[in-house]
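Q:
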Amino acid sequence: MKKISSLTLLLLMVCLTYGQSKDEMEIRKLEKKWTKLLDEGDTAALLDIWSPDYVVNNTKGKIVTPKEIVALMENGHTFPKVKRIIERITFNDNVAVVMGKELQQPPSMTTDENQWIPRRFTNIWISSDRGWLLAARQSSTIVLE
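Under our numbering, read the sequence shown as residues 23 to 167, first letter to last.
Structural data, given as structure tokens:
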């Protein structure tokens, strides 16, 4: 009986240590959702998931806002597909910082991910009365030497 109790306690500790929190699972879900919305060009839904003061430091080194992004999309711009690999999510009070690697489809629009452009990214989410909102994003192309 003592062995079973010890095993149960150990299993519980491992699950609590390595398990994802409710907030982390929500952020991971939202990361997938907003990427899908961008792929679909759903500006109304994107405006719902972005904070009113959302800013992006894009790969061209320009800081843009939802107004500029939506205008670009409404004028027919399609963003290249992105595969995002989250490496870490850190929480500080009501702020979640998501960091990792992403692969961006190149201008040739090839579906061969081996040819996609490697980048590093940081996304910042804020918990609000509307839920988690994407507040800021930065993405930089990795320069291979």
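We put the CB at the ideal spot given by N, CA and C, even for glycine.
Out of E90, R142, S149 and F143, state which residue places its alpha-carbon closest to the alpha-carbon of N114.
A: Nearest of E90, R142, S149 and F143 to N114, Cα basis: S149.
Q: Rank K123, V104, D151 and P128 by C-alpha distance to the C-alpha of F143 and give the top, closest one.
A: That would be K123, whose Cα lies nearest to the Cα of F143.
Q: Going straight from the alpha carbon of A191 to that of L155, what length do you get?
A: Only positions 23 to 167 of the chain appear in this structure, which leaves residue 191 out of reach.
Q: Would a C-beta distance cut-off of 8 Å place K103 and Q127 closer than the cut-off?
A: Cβ atoms of K103 and Q127: closer than 8 Å.
Q: For the segment 49-60 and the segment 73-86, state whether three or more C-beta atom pairs, one from each stretch, are separated by less than 8 Å.
A: Cβ pair count under 8 Å is below three, so no.
Q: Since M95 is in the beta strand (DSSP E), which residue starts that stretch and which ends it?
A: Not the beta strand (DSSP E): M95 falls in the alpha helix (DSSP H), residues P88 to E96.
Q: Assuming I85 and V77 are in contact, meaning their beta carbons sit under 8 Å apart, how far apart are those beta carbons, in whole angstroms?
A: Contact flag correct, Cβ pair sits at about 6 Å.
Q: Using beta-carbon positions only, say whether G63 and T100 come within less than 8 Å of one another.
A: Yes, these two residues count as a Cβ contact at 8 Å.
Q: For D61 and R141, what's the separation of their Cα atoms in angstroms?
A: Straight-line Cα distance between these residues: approximately 18 Å.
Q: Expressed to the nearest angstrom, what Euclidean distance is found between the alpha-carbon atoms of L94 and Q42?
A: L94 and Q42: Cα-Cα distance of roughly 36 Å.
Q: So which of M131, W147, L125 and T133 has the shortest CA-CA distance to S161?
A: Nearest of M131, W147, L125 and T133 to S161, Cα basis: L125.
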